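Protein chains in written order, with the working numbering: chain L, 185 to 370; chain S, 185 to 370. Note that beta-carbon positions come from the ideal geometry of N, C-alpha and C, so glycine has one too. In this text the structure is predicted, and so the values were computed from the model without any measurement.
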DNA sequence: CATTGTTCTTAGACTGTCTAGGATTCCATT
DNA sequence: AATGGAATCCTAGACAGTCTAAGAACAATG
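Given below as structure tokens:
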């Protein structure tokens, strides 16, 4: 996203030609961008913000697995406060995507259920994409799948490992800044 | 992210075994999640929000390519208003990541330059990751790269095509809702 | 039962975005 | 040149989504 960024010149790859390392990384970037854009579209087509959409997807998943979801569960999953979940549920309830039900045994709690409507919306929006993806991978040979798997695992690992470096680095920068007398707006 | 979501049971794949379609899609999901988390970390380690970080990366890229960046350019790239860019620049200027300079010829405009500090921050944070990724793909054979490229291109295409379906679908839902008399909160 | 903990909600503040409109400056036509 | 329209950036005020703090209802435990 930077060292090569310039022109996107070689940018487009098409099957048949020799495939370079840069081609592969460009394609990875392309997939990532497409994924992001897709989410933005789904979100706006359902008139929701990111968090609301994630909440809904989580709800549907849990529901399908027969688990009940409470305010707290959503807060943990979405990494927002329970207070924010309350407001989020107000929104989703007002738009008819979700209902609050009494918890059968614990009268403090509520059980949150996604409506059939919202199930259908999400399923029908995302369904075709998932089917296409499945079909695509199904058509590959076992060997190809293994290659791709190794690649993805490697990329994920590379990305995951920035975590630690990041920690060290932050420290270094902090110290260096203090030396430079650059003030700190922590 | 839903039809299979339940348990994440088979979830973990490791090299050597037979690779199923589901494995591949799980790994894709894993990569995506890792990528997202990485961005969140970089962002918080640099005390920035997503937009600010994207702005900075864009700036550095353009700068390295010898292009100058104005308020308008950032607005277009980030898809926010020029007014918001103004505020964004206020933030980045206050934190010392960016400077406003007079445009040499057009006195209405400003030229935005990222400071050396911020260049170093981004470069050192992201550098190791990119190196790992490059190395990983470099080590693959040409054939493997082609396989992976085909896979990525396919996935991107699948995701991109949801756009159209999405349009149709939205229409369907809208109409159906009106039939259901479900009121409209357009 | 009295205390302590849990669960959700309400209230008020903050952040990042937007739209509307103002001040400068540029450019094209007269 | 002079002028009117377009472009560029900024300021002001509003809104949405988050947060923290604190409250009310209930549960669990001594």
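Return the first residue and the last residue of the beta strand (DSSP E) that residue i is part of.
| i | result |
| --- | --- |
| residue 285/S | 282-286 |
Given a threshold of 16 other Cβ atoms within 10 Å of its Cβ, counted over all protein chains shown, does residue i qualify as buried or as exposed?
| i | result |
| --- | --- |
| residue 198/S | exposed |
| residue 202/L | exposed |
| residue 251/S | exposed |
| residue 233/L | exposed |
| residue 207/S | buried |
| residue 302/L | buried |
| residue 309/S | buried |
| residue 214/L | buried |
| residue 356/S | Because residue 356/S sits at a pLDDT of 41, beneath the cut-off of 50, its placement in the model cannot be relied upon, and the point is left open. |
What first and last residue would you give for the alpha helix (DSSP H) that runs through residue i?
| i | result |
| --- | --- |
| residue 269/L | 266-278 |
| residue 298/L | Premise fails: residue 298/L lies in the beta strand (DSSP E), 294-298, not in any alpha helix (DSSP H). |
| residue 210/S | 205-229 |
| residue 374/L | Residue coverage of chain L in this structure runs from 185 to 370, which leaves residue 374/L outside it and unanswerable. |
| residue 260/S | 255-262 |
Under the assumption that residue i contacts residue j (Cβ atoms under 8 Å), give the Cβ distance between them as a whole number of angstroms.
| i | j | result |
| --- | --- | --- |
| residue 345/L | residue 331/S | Going by Cβ atoms, the distance from residue 345/L to residue 331/S rounds to 25 Å, so no, they are not a contact pair. |
| residue 253/S | residue 243/S | 6 Å |
| residue 305/S | residue 230/S | 6 Å |
| residue 276/L | residue 235/L | Not confirmed; about 10 Å, so no contact. |
| residue 297/L | residue 283/L | 5 Å |
| residue 266/L | residue 256/L | 6 Å |
| residue 322/L | residue 205/S | 5 Å |
Cβ of residue i within 8 Å of any heavy atom in the ligand NAD?
| i | result |
| --- | --- |
| residue 326/L | This structure does not include the ligand NAD; it has no bound ligands of any sort. |
Compare the beta carbon distance of residue i and residue j with 9 Å and say whether it is the shorter of the two.
| i | j | result |
| --- | --- | --- |
| residue 280/L | residue 299/L | yes |
| residue 211/S | residue 319/L | no |
| residue 237/S | residue 248/S | no |
| residue 316/L | residue 337/S | no |
| residue 261/L | residue 216/S | no |
| residue 307/S | residue 294/S | no |
| residue 343/L | residue 224/S | no |
| residue 339/S | residue 335/L | no |
Any C-beta of chain S within less than 9 Å: which residues of the region 258-285 of chain L qualify?
Within the region 258-285 of chain L, the qualifying residues are 278, 279, 280.
Can you give me, in chain order, the residues of the region 327-342 of chain L that have a beta carbon less than 9 Å from any beta carbon in chain S?
Residues 327, 328, 329, 330, 331, 332, 333, 334, 335, 336, 337, 338, 339, 340, 341, 342.
With 8 Å as the limit, tell me which residues of the region 204-216 of chain S have their beta carbon closer than that to any beta carbon of chain L; keep them in chain order.
204, 205, 207, 208, 209, 211, 212, 214, 215, 216
Could you please tell me which residues of the region 224-257 of chain L, in chain order, have their CB closer than 8 Å to any CB of chain S?
225, 226, 229, 231, 241, 244, 245, 248, 249
Contact residues within the region 284-309 of chain S, judged by C-beta distance below 9 Å to chain L:
Of all residues in the region 284-309 of chain S, only 301, 304, 305, 306, 307, 308, 309 place a beta-carbon less than 9 Å from a beta-carbon of chain L.
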